[in-house]
Amino acid sequence: MCSAMVHTRTTQKLALELEINPGDRTNRNHWWKWLAYALFSMRARACSSLRTLIIPFLGELTGVDVRAFTSVLTSEHPEETLYDTPRGVKEEQDATLAPGAPIRWDFDDQVQPVLDSRPLTLYTPIYFVKTFSDDGTIEWVHAMIAGFGHCQVQRCNLDFHG
Numbered sequence: 001m002c003s004a005m006v007h008t009r010t011t012q013k014l015a016l017e018l019e020i021n022p023g024d025r026t027n028r029n030h031w032w033k034w035l036a037y038a039l040f041s042m043r044a045r046a047c048s049s050l051r052t053l054i055i056p057f058l059g060e061l062t063g064v065d066v067r068a069f070t071s072v073l074t075s076e077h078p079e080e081t082l083y084d085t086p087r088g089v090k091e092e093q094d095a096t097l098a099p100g101a102p103i104r105w106d107f108d109d110q111v112q113p114v115l116d117s118r119p120l121t122l123y124t125p126i127y128f129v130k131t132f133s134d135d136g137t138i139e140w141v142h143a144m145i146a147g148f149g150h151c152q153v154q155r156c157n158l159d160f161h162g
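The sequence shown begins at 1 in this note's numbering and counts up by one.
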């Protein structure tokens, strides 16, 4: 959901009811990073029409939560920060994914693709694909796909914009 919220053009006022388990540090950090990406990252500020955010009953916000949130908020490369992937040689790029292209969507705890998972295949082009952590030569490129989150797609199936 958060990867799609970055691109929202129809929502100007959003109310979220969050229930983040205070004892689950890993998931808390994960959710605060995703909220920063979806709502306040450079990409969200450039693409989203969101103007008002309401988060009632926020509860406890710790220093660790704030650091997780601000790590993405202040990052010049928020996708890499979000997934803790290495800085790419190439800058992040916007692209369109070709119809029928395989999409790796399942990753392990080390952000490596689970190769025995079947790739997704959609039969329409996918717009708003953002590549990141790209060394410029690898066949499978890290990509943020709206509604799917972190994926890998083959470079040959991308039509880079501008």
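Glycine included, C-beta positions come from ideal geometry on N, C-alpha and C.
For the pair A101 and V141, the CB atoms are not nearer than the 8 Å cut-off. Of the other Cβ atoms in all chains shown, fewer than 16 fall within 10 Å of the Cβ of K13; this residue is therefore exposed.
Within the same chain, Cβ atoms closer than 6 Å to the Cβ of R51 are found at Q12, the five residues on either side in sequence being excluded. By the 16-neighbour rule on beta-carbons within 10 angstroms, S117 is exposed. Listed in chain order, the non-local C-beta contacts of A68 below 6 Å within the same chain comprise N29, W32 and K33, local neighbours out to five positions each way being set aside. Between the beta-carbon of C151 and that of A143 there is about 5 Å, and that keeps the pair under the 8 Å contact cut. Look at the beta carbons and you see the region 124–135 touching the region 96–111: at least three pairs across the two are nearer than 8 Å. T62 and T70 have their alpha carbons spaced roughly 12 Å apart.
One alpha carbon belongs to L73, the other to E79, and they sit about 11 Å apart. When the beta-carbon positions are compared, S133 and P86 come within less than 8 Å of each other. When secondary structure is reduced to three states using DSSP, L61 falls in the coil class, being assigned neither helix nor strand.
The C-beta distance from V89 to G149 rounds to 23 Å, too long to fall under 8 Å, and the pair is not in contact. The beta carbon of S41 is closer than 8 Å to those of V6, V72, L73, S75 and P78 in its chain, skipping five residues each way along the sequence.
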